[in-house]
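Listed in order, the protein sequences are those of chains U and G. Position one of the first sequence corresponds to residue 0 (numbering that gives the first Met the number 0), numbered consecutively onward. Position one of the second sequence corresponds to residue 0 (numbering that gives the first Met the number 0), numbered consecutively onward. We put the CB at the ideal spot given by N, CA and C, even for glycine. Structure first, commentary second.
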Amino acid sequence: MTQTDFYILLPLTVLTVWACVLLLVDLFIPKDRKGITAFLAALGLAVTLGFTVTQIGREGTGFNGMVTLDGFSTFINVLILVSGLFGIALAYGYIKRMGIDRGEYYTLMLFSITGMMLMAQAADLIIVFLALELLSIPLYVLAAFARPNLQSEEAGVKYFLLGAFATGFVVYGTALVFGATGTTSFSGIFFAASNGTSSLLLTIGAALLLVGFGFKVAAVPFHMWTPDVYQGAPTAVTAFMSSGAKIAGFAALLRVFATAFPSLSADITNVLWALAALTMIVGNITAITQTNIKRLLAYSSIAHAGYILMAFVPYGNKEVMPVSIAAGLFYLVSYAVTNFGSWGVVIALEKAEGRGLEISDYAGLAKKYPALALAMTVFMLSFIGFPPTLGMVGKFYLFRAAIAGGYSGLAIIGVVTSLVSAYYYLRVVVNMYMREGDPTIEREPWLNFATAATAIITVGLSFVPQWLFLLASTAVF
Amino acid sequence: MVPVDYYILLSAVLFTLGALGVLIRRNPLIIFMSIELMLNAGNLAFVAFANMYKSFSGQIFVFFVIAVAAAEVAVGLALIVEIFKTRKNINIDEMNSLKG
Numbered sequence: 000m001t002q003t004d005f006y007i008l009l010p011l012t013v014l015t016v017w018a019c020v021l022l023l024v025d026l027f028i029p030k031d032r033k034g035i036t037a038f039l040a041a042l043g044l045a046v047t048l049g050f051t052v053t054q055i056g057r058e059g060t061g062f063n064g065m066v067t068l069d070g071f072s073t074f075i076n077v078l079i080l081v082s083g084l085f086g087i088a089l090a091y092g093y094i095k096r097m098g099i100d101r102g103e104y105y106t107l108m109l110f111s112i113t114g115m116m117l118m119a120q121a122a123d124l125i126i127v128f129l130a131l132e133l134l135s136i137p138l139y140v141l142a143a144f145a146r147p148n149l150q151s152e153e154a155g156v157k158y159f160l161l162g163a164f165a166t167g168f169v170v171y172g173t174a175l176v177f178g179a180t181g182t183t184s185f186s187g188i189f190f191a192a193s194n195g196t197s198s199l200l201l202t203i204g205a206a207l208l209l210v211g212f213g214f215k216v217a218a219v220p221f222h223m224w225t226p227d228v229y230q231g232a233p234t235a236v237t238a239f240m241s242s243g244a245k246i247a248g249f250a251a252l253l254r255v256f257a258t259a260f261p262s263l264s265a266d267i268t269n270v271l272w273a274l275a276a277l278t279m280i281v282g283n284i285t286a287i288t289q290t291n292i293k294r295l296l297a298y299s300s301i302a303h304a305g306y307i308l309m310a311f312v313p314y315g316n317k318e319v320m321p322v323s324i325a326a327g328l329f330y331l332v333s334y335a336v337t338n339f340g341s342w343g344v345v346i347a348l349e350k351a352e353g354r355g356l357e358i359s360d361y362a363g364l365a366k367k368y369p370a371l372a373l374a375m376t377v378f379m380l381s382f383i384g385f386p387p388t389l390g391m392v393g394k395f396y397l398f399r400a401a402i403a404g405g406y407s408g409l410a411i412i413g414v415v416t417s418l419v420s421a422y423y424y425l426r427v428v429v430n431m432y433m434r435e436g437d438p439t440i441e442r443e444p445w446l447n448f449a450t451a452a453t454a455i456i457t458v459g460l461s462f463v464p465q466w467l468f469l470l471a472s473t474a475v476f
Numbered sequence: 000m001v002p003v004d005y006y007i008l009l010s011a012v013l014f015t016l017g018a019l020g021v022l023i024r025r026n027p028l029i030i031f032m033s034i035e036l037m038l039n040a041g042n043l044a045f046v047a048f049a050n051m052y053k054s055f056s057g058q059i060f061v062f063f064v065i066a067v068a069a070a071e072v073a074v075g076l077a078l079i080v081e082i083f084k085t086r087k088n089i090n091i092d093e094m095n096s097l098k099g
């Protein structure tokens, strides 16, 4: 192991060691003071974030080409670490209130984050597989964390079975790709594939990998686990996995397909086109009938996976690809921010035993708690893509990139489904402002901070989007 | 010497059986076994290809898969035991407290 190898994985190593030590330290922290564990976990993320920031602008590969460090991995890592910090802020008061205040929560979160970071840095299918499992297995446990609550246990089992099913596809896909090319490294596959070995085996392997990642990012038709798992899991876990796991899944999808399989783009682009269109349509239309806010947001997260997928469609086209991917990364950021904020509001209204989760429970919120209602309105408008929010700018970049790439049809589907989505997002707003009701909320300093911060970012960044878009553009490899 | 095609054919059959098992069977333990079958189909294909290419990386991947599958077993069985303790029954069709 040389110094470069170590340097490339420095933030990841720090976080892994930190998580392992925290697991032990947590044993000595008394049951009623698990806040210390939360603080230590957040500190670990902050330290890792510091190391990651020092790597901005650095590039290289390590461990015989198994892992890589570039602008893309740094961008994704920063995003994931910030998501982790928000995840802890949302969980801190919530798990206390729900009586699931166990220290493992934070350790599991840290392990999952290490998996996500490794995913962004992977340069070999072996590492992709390991990272996928490292990020998923702690999430299975976290989804069932509210045991013996039946809904949470069911969510855990369902997530586990379908996640493991997806793993099977990834493993078999990797095996076939290995069989077609004789290597598992992205550059090796790219080299072998562009030298004419574009066999049937390689195409089937890539398709199986696509199925596996499709499950992880919840693209239609591999989405059926999402509403159940998002509804059943503790809300703080849902907030974290709907952002973090999705970011990591898209990072892997992009990395694998853009660096290893550009030669298959003629076939894969059509498949991605259909997946993106289906995901947008099914996600948005099914969301209309939902009355539970967690399920509504689950379908909304499916729909948004479709919008992000849209940016990946022209991945093999060298001219359009950079702008399109930058738009996708921008949208990923705007989705993550808005998503955390909206789940923060849901956590503020949630009561024990799953009460306070119906949309009708939001009636009268604006009169009693105007600030919270305003924040929720901002998030809903951002999900629709209404100015002045980050979601609007994100959609603008996405649709512009799609049209520039010659996918006007996809852009039209995007615009129409956004209009459809206005119906169910605005229903929440109408409930808050125009119906009478008497909701009560939980006031927790960290939760308030996270919700306020995401609301301010959602509106504030929309006035200076160029800055973020430039960052995203430099991250494209 | 058995040609590599036979191994790949066998692994494809195993993988298909596993995938069908996941979709058709209703007991989480059987579903879980089917998933293991899918993973082992991948392992078989890997070993066969590794032998064909005389390359070690395929065999090493198999070790990773075996290790990760063991970790998955630990978590998966724990989840299934946990839900059994709560409802004395693990039929997938009766896991319907979540819907909408």
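Beta-bridge pairing of residue i - partner residues as DSSP gives them
i: Asn-291/U; result: Glu-357/U
i: Gly-59/U; result: Leu-68/U
i: Ala-121/U; result: Val-66/U
Residue i - DSSP class collapsed to helix/strand/coil
i: Thr-53/U; result: helix
i: Asp-31/U; result: helix
i: Ser-184/U; result: strand
i: Leu-83/G; result: The amino acid at residue 83/G is misidentified as Leu; the sequence shows Phe. The answer is helix: DSSP assigns Phe-83/G an H, G or I state.
i: Thr-388/U; result: coil
i: Ser-407/U; result: helix
i: Ser-96/G; result: coil
i: Ala-143/U; result: coil
i: Gly-340/U; result: helix
i: Asn-430/U; result: helix
i: Leu-28/G; result: helix
i: Phe-481/U; result: Outside the displayed range of chain U (0 to 476) lies residue 481/U, so it cannot be described from this structure.
i: Asp-170/U; result: A quick correction: the sequence has Val, not Asp, at residue 170/U. DSSP places Val-170/U in helix when its eight states are reduced to three.
i: Gly-436/U; result: coil
i: Lys-366/U; result: helix
i: Tyr-314/U; result: coil
i: Pro-321/U; result: helix
i: Glu-153/U; result: helix
i: Glu-349/U; result: coil
i: Glu-443/U; result: coil
i: Met-279/U; result: helix
i: Val-415/U; result: helix
i: Val-24/U; result: helix
i: Met-0/G; result: coil
i: Phe-177/U; result: helix
i: Val-475/U; result: coil
Nearest-angstrom Cβ-Cβ length linking residue i and residue j, presumed shorter than 8 Å
i: Val-127/U; j: Ala-119/U; result: Not confirmed; about 10 Å, so no contact.
i: Phe-382/U; j: Phe-71/U; result: With a Cβ gap of about 26 Å, Phe-382/U and Phe-71/U do not count as contacting.
i: Gly-243/U; j: Ser-82/U; result: 5 Å
i: Ile-412/U; j: Ala-276/U; result: 5 Å
i: Met-37/G; j: Ala-18/G; result: 6 Å
i: Val-170/U; j: Gly-41/G; result: 4 Å
i: Ala-238/U; j: Leu-89/U; result: 5 Å
i: Phe-212/U; j: Leu-252/U; result: 5 Å
i: Leu-138/U; j: Ser-111/U; result: 6 Å
i: Ala-325/U; j: Phe-468/U; result: 6 Å
i: Ile-87/U; j: Ala-37/U; result: 6 Å
i: Leu-389/U; j: Leu-470/U; result: Contact doesn't hold; Cβ gap of about 14 Å is too wide.
i: Leu-348/U; j: Gly-340/U; result: Actually they do not touch by this definition, with Cβ atoms about 14 Å apart.
i: Leu-397/U; j: Met-309/U; result: 6 Å
Determine which residues of the region 147–175 of chain U have a Cβ less than 8 Å from any Cβ of chain G, and write them out in chain order.
Listed by position along the chain: Pro-147, Leu-149, Gln-150, Glu-152, Glu-153, Ala-154, Gly-155, Val-156, Lys-157, Phe-159, Leu-160, Ala-163, Phe-164, Thr-166, Gly-167, Phe-168, Val-170, Tyr-171, Thr-173, Ala-174 and Leu-175.
In chain order, what residues of the region 351–366 of chain U put their CB closer than 7 Å to some CB of chain G?
Correct list: empty, as no residue qualifies.
Along the region 218–230 of chain U, where does the CB come closer than 8 Å to a CB of chain G? Name the residues.
For chain G, the residues of the region 218–230 of chain U that bring a beta carbon within less than 8 Å of one of its beta carbons are Pro-226, Asp-227 and Gln-230, in chain order.
Write down every uninterrupted run of the alpha helix (DSSP H) in the region 198–273 of chain U whose length is 4 residues or greater and which is fully enclosed by it, in chain order.
199–216, 224–231 and 234–259, all fully within the region 198–273 of chain U.
Entirely enclosed alpha helix (DSSP H) segments - the region 66–104 of chain U, minimum 4 residues:
Counting whole runs of 4 or more residues, the region 66–104 of chain U contains the alpha helix (DSSP H) stretches 70–96.
Which residues, in order along the region 125–140 of chain U, keep a beta-carbon less than 8 Å from a beta-carbon of chain G?
For chain G, the residues of the region 125–140 of chain U that bring a beta carbon within less than 8 Å of one of its beta carbons are Ile-125, Phe-128, Leu-129, Glu-132, Ile-136, Tyr-139 and Val-140, in chain order.
As an exercise, report each continuous alpha helix (DSSP H) stretch of at least 4 residues that is fully enclosed by the region 33–94 of chain G, in chain order.
Runs found: 56–86.
With 7 Å as the limit, tell me which residues of the region 34–59 of chain G have their beta carbon closer than that to any beta carbon of chain U; keep them in chain order.
Those residues of the region 34–59 of chain G that come within reach of chain U (Cβ to Cβ, closer than 7 Å) are Ile-34, Met-37, Leu-38, Ala-40, Gly-41, Ala-44, Phe-45, Phe-48, Tyr-52, Ser-54, Ser-56 and Gly-57.
Tell me which residues of the region 59–78 of chain G have at least one Cβ-Cβ distance to chain U shorter than 7 Å, keeping chain order.
For the region 59–78 of chain G, which is checked against every Cβ of chain U, the residues closer than 7 Å are Phe-60, Phe-63, Val-64, Val-67, Ala-70, Glu-71, Val-74, Gly-75 and Leu-78.
Which residues, taken in chain order from the region 182–215 of chain U, show a beta carbon closer than 8 Å to some beta carbon of chain G?
Here the close residues are Thr-182 and Thr-183.
Short-range partners of chain G found in the region 79–96 of chain U, where Cβ spacing is below 7 Å
Nothing from the region 79–96 of chain U brings a Cβ to less than 7 Å from some Cβ of chain G.
Mind checking the region 375–404 of chain U against chain G and listing, in chain order, the residues whose C-beta falls within less than 8 Å of any C-beta there?
The residues in question: there are none.
For the region 6–28 of chain G, list every residue whose C-beta sits within 8 Å of some C-beta in chain C, in sequence order.
The structure shown contains no chain C; the protein chains it does contain are U and G.
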